[in-house]
Amino acid sequence: KSTVTFDTLDDAWIDWYISTGEPMDKAGAYAIQGEGGRFIEGYDGDVDTIMGLSVSLTRQLIAGITGDSDD
660 KSTVTFDTLD
670 DAWIDWYIST
680 GEPMDKAGAY
690 AIQGEGGRFI
700 EGYDGDVDTI
710 MGLSVSLTRQ
720 LIAGITGDSD
730 D
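Using the numbering used here, the first residue of the sequence shown is number 660, and each one after it goes up by one.
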């Protein structure tokens, strides 16, 4: 679980962001790793999860299937 906190945005910033086209194909209409990252005040959790896929969780799941570990 991850949470993201956004700064307060005025209409001019929102209009600018929409004009970039970035939010049009994003879940949640922003990309923390892109222009949308400008508007983030902070986050708790795994930034990979916020971007879409937790690399550490994926490794754990694969290790559970294959019996391998990074340890």
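By construction, the Cβ of each residue, glycine as well, lies at the ideal position given by its N, Cα and C atoms.
Asked                                                                                                                                                                    : Found
Using the beta-carbon count (16 or more within 10 Å), is residue 711 buried or exposed?                                                                                  : exposed
So the alpha helix (DSSP H) residue 689 belongs to, where does it begin and stop?                                                                                        : First-last for residue 689: undefined, no H or E at that position.
For residue 665, which residues from the same chain have a beta carbon less than 7 Å from its beta carbon, with the 5 sequence-adjacent residues on both sides left out? : 698, 699 and 700
From residue 688 to residue 681, what distance separates their C-alpha atoms?                                                                                            : 8 Å
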